[in-house]
Amino acid sequence: MTAHQRPRPCTVRRVYDPPAPADGTRLLVDRLWPRGISKERAAVDEWLKDIAPSKELRTWYHEDREGRYDAFAERYRAELAESARAAQVDHVRDLARRGPVTLVTSVKDVEHSHVPVLVRHLAQGDGG
């Protein structure tokens, strides 16, 4: 495989669901460790807490989840372009070039969380 090979799309699972053999590399993409779950049960290979939205952005979004999702997504994409997060994004893309990657999260409403924004960002490839 070459370094220029396009990354595979990442799948998404909740950390509370049992891991599956097809998960490949399991990456926890939440800033906080999930409540009530042991590291063993979570079965994550890496915890990429710095790829998650900043505490400030997360707090701002949770003040008005329904009215702020689009602005939240835009601000989170800007955070993903910052150097520390961009390095982690590159790391996930590299892993996805080598095999299946599953992004693991504890959020209840995955559809309206940071995870879909991250998945789209990762799918944009190196030019995204």
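All residue numbers for the sequence shown refer to the working numbering, where the first residue is 982 and numbers rise by one.
Just so it is clear, CB atoms sit at the ideal spot from N, CA and C, and this is done for glycine as well.
Status (buried if at least 16 other CB within 10 Å, exposed otherwise) for residue i
| i | result |
| --- | --- |
| D1004 | buried |
| H1043 | exposed |
| D1011 | buried |
Alpha carbon of residue i to alpha carbon of residue j, nearest angstrom
| i | j | result |
| --- | --- | --- |
| R1066 | V1098 | 14 Å |
| K1089 | P1002 | 23 Å |
| T1083 | L1008 | 6 Å |
| L1064 | L1038 | First, the amino acid is wrong: residue 1064 is Ser here, not Leu. Computed Cα separation, rounded: 17 Å. |
| W945 | V1025 | A question about residue 945 goes unanswered here, because the residues of the chain that appear run from 982 up to 1109. |
Span of the alpha helix (DSSP H), counted from its first residue to its last, around residue i
| i | result |
| --- | --- |
| V1098 | H1095 to A1104 |
| V1070 | S1064 to R1079 |
| R1056 | R1046 to L1061 |
| R995 | Premise fails: R995 lies in the beta strand (DSSP E), T992 to R995, not in any alpha helix (DSSP H). |
| L1038 | K1036 to H1043 |
Proximity of residue i and residue j at Cβ, strictly below 8 Å
| i | j | result |
| --- | --- | --- |
| R995 | S1087 | yes |
Residue i: first and last residue of the uninterrupted beta strand (DSSP E) it sits in
| i | result |
| --- | --- |
| R1007 | T1006 to L1009 |
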